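Colleague:
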Amino acid sequence: MAAPLHESDDELSEQHEINVTPFIDVMLVLLIIFMVAAPLSTVDIPVELPVSSAKPQPRPDKPVFVTIKADNSLAVGETAVSGPGLIGALDAATLANRETRLFLRADKSVQYGELMRVMDLLRMGGYLKVGLVGLEGGAAAPPIDQSLVPTKEPR
């Protein structure tokens, strides 16, 4: 058993140890809060993407279009190609210039997974500059809900 080295008559001596019990309690409360709040922050919402009303960008003189048709067949320009022959056809169309911007257009019935598969083929072939082509919204695009547009509030 340990005995104090310094005898004192002071009953209210200072304790020189940190009491960690309140810190542990606070940490456990924070852990519980984060465990409850984390699943609430992930949302699984089905999305129907609208027509774009963005201003169209100027087209290059000779654009290279990669097209995914409704039956998931591919075409470079007006020439039909197979999946494995896509990069070879692009090399012929772009003179093997990997910096050429490609324009990828797909039928609206093409599934998202097929679009991603073609984009992955393009990436593996070294073509990283890919623009997605869509219809110009014009009158077909729904009006923008102004309540969703962020505004700057004066400080």
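Note that the numbering used here has the sequence shown beginning at 16, numbered continuously upward.
Built from N, CA and C at the ideal position, the CB exists for glycine as well.
Small disclaimer: the values here were computed from a predicted structure and weren't measured.
#1: Please confirm if the stretch 95–104 is in contact with the stretch 116–130, defined as three or more CB-CB distances below 8 angstroms between the two stretches.
#2: To which residues of the same chain is GLU63 closer than 6 angstroms at the C-beta, ignoring the five residues directly before and after it?
#3: Just the C-alpha distance for ARG170 and HIS31, rounded to the nearest angstrom, thanks.
#4: Have a look at the DSSP bridge pairing and note the partners of THR115.
#5: Does the pairing of the stretch 79–88 with the stretch 103–120 give three or more beta-carbon distances under 8 angstroms?
#6: Report all residues from its chain with a CB closer than 8 angstroms to the CB of MET134; omit the five preceding and five following residues, and keep chain order.
#7: Hey, LEU89 and LEU101: beta-carbon distance below 8 angstroms or not?
#8: Short check: CB of LEU75 to CB of ARG116, under 8 angstroms?
#9: Measure from the alpha carbon of TYR142 to the alpha carbon of each residue in ASN112, VAL44 and VAL148, then state which is nearest.
#10: How long is the line joining the alpha carbons of ALA107 and LYS70, rounded to whole angstroms?
#11: Keeping to the same chain, check which residues put their C-beta closer than 6 angstroms to that of GLU148; ignore five residues upstream and five downstream.
Modeller: Judging by the given coordinates:
#1: no
#2: Reliability of the predicted coordinates at GLU63 is poor, the pLDDT of 49 falling under 50, and the value obtained from them is presented with this limitation in mind. No residues qualify anywhere along the chain.
#3: For ARG170, the predicted model reports a pLDDT of 48, less than 50, meaning its position is unreliable and no value from the coordinates is stated.
#4: None, per the DSSP bridge assignment.
#5: Below 8 angstroms, enough C-beta pairs join the stretch 79–88 and the stretch 103–120 to call them touching: three or more.
#6: LEU119 and VAL145
#7: Using a Cβ distance threshold of 8 angstroms, LEU89 and LEU101 count as a contacting pair.
#8: Just to set this straight, residue 75 is Pro in the shown sequence, not Leu. Here PRO75 is near ARG116, since their CB atoms are less than 8 angstroms apart.
#9: For TYR142, the closest alpha carbon among the candidates ASN112, VAL44 and VAL148 is that of ASN112.
#10: 31 angstroms
#11: It is worth fixing the name first, because residue 148 is Val in this sequence and not Glu. Only PHE118 and ARG120 meet the Cβ criterion.
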